[in-house]
Amino acid sequence: MARVEPVVEALAIHKSFGDLEVLKGVNLTVAPQELVFIIGPSGSGKSTLLRCCNLLEEPSSGVVKITGEDITAAGVDINQVRQRIGMVFQSFNLYPHMSALGNVSLALRKVKKQPRAQAEAKAQEALERVGLAHKADAYPTELSGGQQQRVAIARAIAMEPDVMLFDEPTSALDPELVGSVLEVMRELRKSGMTMVVVSHEMRFARDAADRVLFMDAGMVVEEGPPDEVFGAPKHERTKAFLASVNGH
Amino acid sequence: MVEWEVIRFSFFNLETLQEIWPMLWRGWLMTVQLCVAVVPLGFFAGTILATIYSLRIKSVNAALIVYVDFFRSVPPLVLLIYVTYGIPLLLGADIDAFVAVLFAFTLNSSSYFGEIVRAGIESIPKGQMEAARSTGLTTLQAMRYVILPQALKNVAPDLTSNTIELIKATSIASVVALPELLRMGRVAQGLVYNATPLIAVAVIYLIMLWPMVRLLSRLERRMMSSR
Chain A
3 MARVEPVVEA LAIHKSFGDL EVLKGVNLTV APQELVFIIG PSGSGKSTLL RCCNLLEEPS
63 SGVVKITGED ITAAGVDINQ VRQRIGMVFQ SFNLYPHMSA LGNVSLALRK VKKQPRAQAE
123 AKAQEALERV GLAHKADAYP TELSGGQQQR VAIARAIAME PDVMLFDEPT SALDPELVGS
183 VLEVMRELRK SGMTMVVVSH EMRFARDAAD RVLFMDAGMV VEEGPPDEVF GAPKHERTKA
243 FLASVNGH
Chain B
16 MVEWEVIRFS FFNLETLQEI WPMLWRGWLM TVQLCVAVVP LGFFAGTILA TIYSLRIKSV
76 NAALIVYVDF FRSVPPLVLL IYVTYGIPLL LGADIDAFVA VLFAFTLNSS SYFGEIVRAG
136 IESIPKGQME AARSTGLTTL QAMRYVILPQ ALKNVAPDLT SNTIELIKAT SIASVVALPE
196 LLRMGRVAQG LVYNATPLIA VAVIYLIMLW PMVRLLSRLE RRMMSSR
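Protein chains in written order, with the numbering used here: chain A, 3 to 250; chain B, 16 to 242.
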């Protein structure tokens, strides 16, 4: 059988901030349409790993490939590559001086060089997918946290990326607003989007993930289907982490 | 009320005012020309300096700090005299007074504007740049469309305040004989032997700047309430 080209392939990723080694040789491979969940205690390096995938964080060593292309190689136009990698942040990071439509259409206009009308039609479509077509003219401060995060998701999917990276997308949300964001992520998954999610939403991970990675102290400690990792964790550290998460 | 008659004659002499008005008008036009050139020049140069500074290139930033510190430490009048009389010596050719003044004020005001814009850029959370870059925008595009619009809004009161200071400071161009408002006022004073032209100059500055001072107050109040 022919090998399916992974969408994301991060190999032997090391990352140090000064003397602090945050990633100690991590591998992450994500197949097309796969949803990979990364869990672990804070400081385990999971967000850093995610941010290495679009080079918001430059790995100290290691190779990152996106659909087979080595993006850590010299001379790669990273802006070209990032169009194909959507990212959603914990703190939404919407542009406060632009409407929802402006937020979503900016990169379409300035990166994909689409004319304004075409970009805005596309942006409107993306807002519709996250259920916020009626909020196109609203500014971020006029939206709830959940709505802001959905606009941020729309901003990323409007670019039609090959993969979406979620960095703790619900951590900054009030509990009652989490559901709407997870719902959008479920829809995305159904539509066949390849996704890498760093999150503490264990229930969502159990329901939706194809594979779960448990990270601790800059390494992947355990990895497997959610039933295995959550139901029968092999490693002591995984057990301890899951117990602490389920405990509270 | 002899005293009042003397005061009126010396300071509020309408006949004198009528006589010297064309001179003041020409001076005012020169001041306006100077401001219309120097404010945008200083602002844009400052914004470019601040943008370059935000790229965090160590050696470049060291040079920028020297530039900014230098031109903020040198009194504008000293700088103006050096530029006006020094450059012709260096070049061995005359330099238009207007150009010299423009050059000196651009050096000086770009340092101040640059510091203000830099503070504005640093007030924007770094997630804004990351979000913009994650969608494929270049650093400069992200600066232009995402960071600077927010940064400039955050420092609008400081920018306005600096603009007012700069407009007032253009009056020192009178020292190097640029025929701007204050210079023309003093020339007129020499012709009529009373102080009315100088009073008129002060009133013209007041009328010109007072609306801007009002705007500044309003901006400051708005910033306070939005925090």
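C-beta: ideal position from N, C-alpha, C; glycine also.
Keep in mind that this is a model prediction, so the values were computed, not measured.
Straight-line gap, residue i to residue j (C-alpha atoms, nearest Å)
i, j, result
"Val-161(B)", "Tyr-97(A)", "7 angstroms"
"Ser-232(B)", "Phe-58(B)", "20 angstroms"
"Tyr-139(B)", "Arg-159(B)", "The sequence given here has Ile at residue 139(B), not Tyr. Near 13 angstroms, if we compare the C-alpha coordinates of Arg-159(B) and Ile-139(B)."
"Pro-177(A)", "Gly-233(A)", "25 angstroms"
"Glu-251(A)", "Gln-82(A)", "Outside the modelled stretch of chain A, which goes from 3 to 250, sits residue 251(A), for which no answer is possible."
"Gly-226(A)", "Glu-145(B)", "31 angstroms"
"Met-199(B)", "Leu-29(B)", "17 angstroms"
"Gln-48(B)", "Glu-20(B)", "37 angstroms"
"Gly-133(A)", "Ala-134(B)", "38 angstroms"
"Phe-206(A)", "Asp-229(A)", "12 angstroms"
"Ser-63(A)", "Val-214(A)", "24 angstroms"
"Met-238(B)", "Leu-221(B)", "25 angstroms"
"Ser-201(A)", "Cys-54(A)", "16 angstroms"
"Leu-104(B)", "Glu-235(B)", "45 angstroms"
"His-250(A)", "Pro-43(A)", "Confidence at His-250(A) is low in this model, with a pLDDT of 49, below 50, so its placement is unreliable and the value that follows should be read with caution. The straight-line gap from Cα to Cα measures roughly 14 angstroms."
"Ser-189(B)", "Leu-167(B)", "32 angstroms"
"Phe-86(B)", "Ala-76(A)", "40 angstroms"
"Pro-8(A)", "Ile-87(A)", "14 angstroms"
"Phe-24(B)", "Trp-40(B)", "21 angstroms"
"Val-170(B)", "Thr-185(B)", "23 angstroms"
"Asp-72(A)", "Leu-25(A)", "19 angstroms"
"Glu-170(A)", "Val-183(A)", "11 angstroms"
"Ala-140(A)", "Ala-102(A)", "6 angstroms"
"Val-109(A)", "Arg-208(A)", "According to the sequence displayed, residue 109(A) carries Ala and not Val. Answer to the nearest angstrom: the Cα atoms are 34 angstroms apart."
"Glu-144(A)", "Thr-175(B)", "28 angstroms"
"Leu-224(B)", "Cys-50(B)", "12 angstroms"
"Gly-107(B)", "Ser-69(B)", "38 angstroms"
"Ala-156(A)", "Gln-116(A)", "17 angstroms"
"Leu-32(B)", "Leu-230(B)", "30 angstroms"
"Ala-210(B)", "Pro-90(B)", "28 angstroms"
"Arg-84(A)", "Ala-125(A)", "18 angstroms"
"Leu-179(A)", "Ala-52(B)", "52 angstroms"
"Met-3(A)", "Ser-193(A)", "With a pLDDT of 49 at Met-3(A), under the threshold of 50, the predicted position of this residue should be treated as unreliable, though the coordinate-derived value follows. Straight-line Cα distance between these residues: approximately 25 angstroms."
"Phe-91(A)", "Ser-149(B)", "10 angstroms"
"Glu-11(A)", "Ser-74(B)", "36 angstroms"
Counterpart residues of residue i in DSSP-defined beta bridges
i, result
"His-16(A)", "Lys-26(A), Ser-63(A)"
"Thr-31(A)", "Glu-11(A)"
"Glu-71(A)", "Ile-68(A)"
"Asp-209(A)", "The partner list for Asp-209(A) (beta bridge, DSSP) is empty, contrary to what the question assumes."
"Thr-121(B)", "DSSP output for Thr-121(B) lists no bridge partner at all."
"Leu-37(A)", "Met-197(A)"
Rounded Cβ spacing between residue i and residue j (contact assumed at less than 8 angstroms)
i, j, result
"Met-100(A)", "Ala-158(A)", "That belief does not hold up - the Cβ atoms of Met-100(A) and Ala-158(A) are roughly 15 angstroms apart, past 8 angstroms."
"Val-231(A)", "Phe-216(A)", "6 angstroms"
"Val-198(A)", "Leu-167(A)", "5 angstroms"
"Tyr-82(B)", "Ser-126(B)", "7 angstroms"
"Ile-219(B)", "Leu-196(B)", "6 angstroms"
"Ile-187(B)", "Val-228(B)", "That pair is no contact at about 20 angstroms."
"Thr-74(A)", "Pro-61(A)", "7 angstroms"
Where the beta strand (DSSP E) containing residue i begins and where it ends
i, result
"Arg-213(A)", "213-218"
"Glu-225(A)", "221-226"
"Leu-167(A)", "165-169"
"Val-90(A)", "87-90"
Extent of the continuous alpha helix (DSSP H) run through residue i
i, result
"Leu-182(B)", "Checking the displayed sequence, the identity of residue 182(B) turns out to be Ile instead of Leu. Run containing Ile-182(B): 171-184, per the alpha helix (DSSP H) assignment."
"Gly-2(B)", "Absent from the model: residue 2(B). The displayed extent of chain B is 16 to 242, so no value can be given."
"Pro-103(B)", "102-106"
"Ser-44(A)", "That residue, Ser-44(A), is in no alpha helix (DSSP H); it is neither H nor E in DSSP."
"Gln-126(A)", "118-131"
"Asn-76(B)", "73-88"
"Arg-233(B)", "211-241"
"Thr-172(A)", "Element bounds for Thr-172(A): n/a, residue is neither H nor E."
"Thr-46(B)", "29-69"
"Ser-138(B)", "Segment: none, Ser-138(B) is in no alpha helix (DSSP H) and carries neither H nor E."
"Ala-203(B)", "196-207"
"Pro-98(A)", "Looking at the DSSP string, Pro-98(A) is not in any alpha helix (DSSP H), and its letter there is neither H nor E."
Any non-hydrogen atom of the ligand COA within 7 angstroms of residue i CB
i, result
"Lys-112(A)", "Judged by which ligands are present, the structure shown has none, so any question about the ligand COA falls away."
For this session: Mind checking the segment 94-122 of chain A against chain B and listing, in chain order, the residues whose C-beta falls within less than 7 angstroms of any C-beta there?
Result: Cβ contacts with chain B come from Asn-95, Tyr-97, Pro-98, His-99, Leu-108, Ala-109, Lys-112, Val-113.
Exercise. Which residues, taken in chain order from the segment 129-161 of chain B, show a beta carbon closer than 8 angstroms to some beta carbon of chain A?
Worked result: If the cut-off is 8 angstroms between Cβ atoms, the segment 129-161 of chain B has Pro-140, Gly-142, Gln-143, Glu-145, Ala-146, Ala-147, Arg-148, Ser-149, Thr-150, Gly-151, Leu-152, Thr-153, Gln-156, Tyr-160, Val-161 near chain A.
Problem set entry | Residues, ordered as in the chain, of the segment 162-173 of chain B that lie near chain A by beta-carbon distance below 8 angstroms | Interface annotation for the segment 162-173 of chain B against chain A: Pro-164, Gln-165, Lys-168, criterion Cβ-Cβ distance under 8 angstroms.
Problem set entry | Chain-ordered residues of the segment 154-165 of chain A with a beta carbon less than 8 angstroms from chain B | Within the segment 154-165 of chain A, the residues whose Cβ lies closer than 8 angstroms to some Cβ of chain B are Ala-154, Arg-157, Ala-158, Met-161, listed in chain order.
Exercise. Any residues in the segment 196-207 of chain A with a beta carbon nearer than 9 angstroms to a beta carbon of chain B? Which ones, in chain order?
Worked result: Considering only beta carbons, no part of the segment 196-207 of chain A lies closer than 9 angstroms to chain B.
Exercise. When you check each C-beta in the segment 52-63 of chain A against every C-beta of chain B, which residues fall closer than 8 angstroms?
Worked result: For the segment 52-63 of chain A, which is checked against every Cβ of chain B, the residues closer than 8 angstroms are Asn-56, Leu-58.
For this session: Using a Cβ-Cβ cut-off of less than 8 angstroms, list which residues of the segment 211-228 of chain A approach chain B; keep chain order.
Result: Correct list: empty, as no residue qualifies.
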